[in-house]
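*Asks:* Just passing along the structure, written as structure tokens.
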Amino acid sequence: MDERLAKLLTEAQRDLVMAPIEKARTLPATAFVSEDWFTLEIERVFGPNWVGVLFDCELTGPGSAMPFVLFGMPLVAVKDHEHTVRVFHNLCPYDGCPVVRHAGHQLDELTVYYHGWRYRLDGQLIDAPYWNGAPDCSPSELNGHDGNLVAIDTEVRLGVVFINLDGSAEPIDEWLTPWRKLVDPHYAVDRLVPARDQEGLPLIETRRVESNWKTYQENASINILHEAFTHDLYRKSPEVPRVDTQGEPRFELTLDEKLVAFAHARVDSGNTYDEIRLPSAGHDPAVIPDYGFFTTLFPNINVPLLDSMIKVNLVLPETPGKTVLKHLRFYCPEALDKDNFLEEEQAVQTLFDVVHYEDQLAIEAVQQARHSPAWQQHFYAPFWDTLHHRFNQLVMIDLEKT
């Protein structure tokens, strides 16, 4: 370990995280409450990886600009007239003012409020009025200074705008390959569209939890055992816990690069979930996929897939103890054309409202308990916790890279 990481945990604690699951322990409690740990994660976990920051449909059309803050940094997403999405550091290099202060639509250029510098939608400076006394001071007249906006590597996949802050991530399609290999045989991901209301606005849900981002992630799509105890939906199911009468698991795990996921055959979970009376999200809208999935793409995306929909969740850390969540479901176009779509979508939302509330009680309780001196690292149940074990190891692997 380098000096910065060594100040946050001991070699013994690190070795327990990386040990085989039978002897392993979780990340230490300080990993969930420490400002120094959080700062190092921003640099070494979120900096080098692809991070989902917003949904593409939040940029409502060509000429859209949306400012947002990530890890305290002012950023702005812009969609140009060719539908290319770019994310920039939202900062004028001359006066330090954000270039875009409010969401904009049908824009042809970006104008800085403070001193009037004008930018094309690709971040190139048009002019800097009166910077040298001339009303149309051009970029070439800035005494050699670079006046353009600082761009961040940006890609759009799965209806999500992804960024790579330090520019070192592998090509995004390589990062997504394990996920696509798992779900593409079952779900027609590329033809799914965002759920929308009667006015055509995307049904994006934004929530906040008083917890560390990892406390949320270890619950969201990788904690299998808790279903039987935390959720009324699952307590009523004869198929949960997901183990058969012979003690064999009724779930299939995938650990592949940055993907941690589990699948459940619908023949084993058909009595657990209420029917969604909408066309399938599979390759044939008339045929429900044979499998459902709970998937996590490290570090901050998790995507459950079930029957008629997939739900994309963005996990956006604010502080060591506060996390913003953005959720959006995607359906096939035929589903949105159905007269009963909004009724069915509302039923799904109502179900998730209950599930989110039940999870939030547990997540926030666990986060509060991180301050206890009794246990600094927790052990795993090898039958259930392989995904959690791998997720924590992915955190540690990134933290050890310098």
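According to this note's numbering, the sequence shown is numbered sequentially starting from -16. Note that CB positions come from ideal geometry on N, CA and C, so glycine has one too.
Within 10 Å of its beta-carbon, does Ser123 have 16 or more other beta-carbons around it, so buried, or fewer, so exposed?
*Replies:* Translated into the one-based positions of the sequence shown, residue 123 becomes position 140. Classification for Ser123: exposed.
*Asks:* How many whole angstroms separate the CB atoms of Val143 and Gly35, which I take to be in contact at a CB cut-off of 8 Å?
*Replies:* Taking the sequence shown and counting its residues from 1, the one referred to as residue 143 is at position 160. Taking the sequence shown and counting its residues from 1, the one referred to as residue 35 is at position 52. Indeed, because the Cβ distance is near 4 Å, the residues count as touching under 8 Å.
*Asks:* Give me the Cβ distance between Thr237 and Ala244, rounded to the nearest whole Å; I'm assuming they're in contact under 8 Å.
*Replies:* Looking up residue 237 in the sequence shown gives position 254. Looking up residue 244 in the sequence shown gives position 261. About 4 Å; that satisfies the 8 Å criterion.
*Asks:* Could you give the C-beta distance for Asn195 and Gly304, rounded to a whole number, given that I count them as a contact under 8 Å?
*Replies:* Indexing the sequence shown from 1 puts residue 195 at position 212. Indexing the sequence shown from 1 puts residue 304 at position 321. Contact between Asn195 and Gly304 holds, with the beta-carbon distance rounding to 6 Å and staying under 8 Å.
*Asks:* Comparing alpha-carbon positions, which option in Ile146, Lys309, Thr22, Phe38 lies nearest His72?
*Replies:* Here residue 72 corresponds to residue number 89 of the sequence shown, with the count starting at 1. Minimum Cα distance to His72 is reached at Ile146.
*Asks:* I need the DSSP call for Asn296, collapsed to helix, strand or coil.
*Replies:* As a position in the sequence shown, residue 296 is number 313, starting the count at 1. Here Asn296 sits in strand by DSSP.
*Asks:* By Cβ distance below 8 Å, which residues in the same chain neighbour Pro118 in space, the five residues on each side in sequence not counted?
*Replies:* What you label residue 118 is simply residue 135 of the sequence shown in a count that begins at 1. Pro112, listed in sequence order.
*Asks:* Is Pro365 buried or exposed, if buried means 16 or more other CB atoms sit within 10 Å of its CB?
*Replies:* Along the sequence shown, one-based indexing puts residue 365 at 382. Looking at its Cβ environment, which holds fewer than 16 other Cβ atoms inside 10 Å, Pro365 is exposed.
*Asks:* Which residue's Cα is closest to the Cα of Ala330: Val338, Ile284, Ile259, Lys197?
*Replies:* Position 347 of the sequence shown, counting from 1, holds the residue named residue 330. Nearest of Val338, Ile284, Ile259, Lys197 to Ala330, Cα basis: Ile259.
*Asks:* Along the chain, where does the alpha helix (DSSP H) containing Phe276 start, and where does it finish?
*Replies:* Taking the sequence shown and counting its residues from 1, one reaches residue 276 at position 293. Here Phe276 belongs to no alpha helix (DSSP H); instead the beta strand (DSSP E) covers 274 to 280.
*Asks:* According to the Cβ coordinates, are Thr302 and Val192 closer than 8 Å?
*Replies:* Residue numbering aside, residue 302 sits at position 319 when the sequence shown is read from its first letter. Residue numbering aside, residue 192 sits at position 209 when the sequence shown is read from its first letter. Not in contact: Thr302 and Val192 (Cβ atoms no closer than 8 Å).
*Asks:* Can you tell me whether Asn32 is buried or exposed? The criterion is at least 16 other CB atoms within 10 Å of its CB, across all chains shown.
*Replies:* One-based indexing of the sequence shown puts residue 32 at position 49. Buried, because 16 or more other Cβ atoms sit within 10 Å of the Cβ of Asn32.
*Asks:* Determine the extent of the beta strand (DSSP E) in which Ala244 is found, giving its start and end residues.
*Replies:* The residue you call residue 244 lines up with position 261 of the sequence shown. Where Ala244 is concerned, the enclosing beta strand (DSSP E) stretches over 242 to 248.
*Asks:* Counting only runs of 3+ residues fully inside the segment 137 to 218, write out the beta strand (DSSP E) ranges in chain order.
*Replies:* The qualifying runs are 143 to 147, 188 to 192.
*Asks:* Looking at Ile187: is its Cβ nearer than 8 Å to the Cβ of Lys309?
*Replies:* For the purposes of this step, residue 187 is identified with residue 204 of the sequence shown, where counting begins at 1. For the purposes of this step, residue 309 is identified with residue 326 of the sequence shown, where counting begins at 1. Yes, they are a contact pair.
*Asks:* Applying the 10 Å Cβ sphere with the 16-neighbour rule, what's the burial state of Thr67?
*Replies:* Taking the sequence shown and counting its residues from 1, the one referred to as residue 67 is at position 84. Thr67 should be labelled exposed.
*Asks:* Going by the beta-carbon positions, is the gap between His371 and Tyr274 smaller than 8 Å?
*Replies:* Here residue 371 refers to the residue found at position 388 of the sequence shown. Here residue 274 refers to the residue found at position 291 of the sequence shown. Inclusion of His371 and Tyr274 in the CB contact set at 8 Å is not warranted, their separation being larger than that value.
*Asks:* Who are the Cβ neighbours of Gly87 in its own chain at under 6 Å, not counting the five residues just before and after it?
*Replies:* Against the sequence shown, residue 87 aligns to sequence position 104. Excluding residues up to 5 positions away in sequence, Ala48 lie with their Cβ nearer than 6 Å to the Cβ of Gly87 in the same chain.
*Asks:* Measuring from the CB of Leu58, is there a heavy atom of the ligand ZN at a distance below 7 Å?
*Replies:* With respect to the ligand ZN, the structure offers nothing, as it holds no ligand at all.
*Asks:* When the Cα atoms are used, what is the spatial distance from Glu18 to Glu153?
*Replies:* The count along the sequence shown starts at 1 and reaches residue 18 at position 35. The count along the sequence shown starts at 1 and reaches residue 153 at position 170. Roughly 28 Å separates the two Cα atoms.
*Asks:* Which residues does DSSP pair with Ile284 in a beta bridge?
*Replies:* Residue 284 sits at position 301 when you count from the first residue of the sequence shown. In DSSP, Ile284 forms a bridge with Leu280, Leu297.
*Asks:* How long is the line joining the alpha carbons of Val83 and Leu58, rounded to whole angstroms?
*Replies:* Within the sequence shown, numbered from 1, the residue matching residue 83 stands at position 100. Within the sequence shown, numbered from 1, the residue matching residue 58 stands at position 75. Taking the straight line joining both Cα atoms gives about 9 Å.
*Asks:* What's the C-alpha gap between Met(-16) and Phe362?
*Replies:* The count along the sequence shown starts at 1 and reaches residue -16 at position 1. The count along the sequence shown starts at 1 and reaches residue 362 at position 379. Spanning the two alpha carbons is a distance of roughly 22 Å.
*Asks:* Rounded to the nearest angstrom, what separates Leu74 and Gln200 at their Cα positions?
*Replies:* Sequence index remark: in the sequence shown, residue 74 carries index 91 (1-based). Sequence index remark: in the sequence shown, residue 200 carries index 217 (1-based). Going by the C-alpha atoms only, they are around 31 Å apart.
*Asks:* Are the Cβ atoms of Ala264 and Leu175 separated by less than 8 Å?
*Replies:* By one-based count along the sequence shown, residue 264 stands at place 281. By one-based count along the sequence shown, residue 175 stands at place 192. Contact flag set, yes.
*Asks:* Quick check: what's the CA-CA separation for Arg312 versus Leu334?
*Replies:* Walking along the sequence shown from the start, residue 312 turns up at place 329. Walking along the sequence shown from the start, residue 334 turns up at place 351. Rounded to whole angstroms, Arg312 to Leu334 spans 13 Å at the Cα level.
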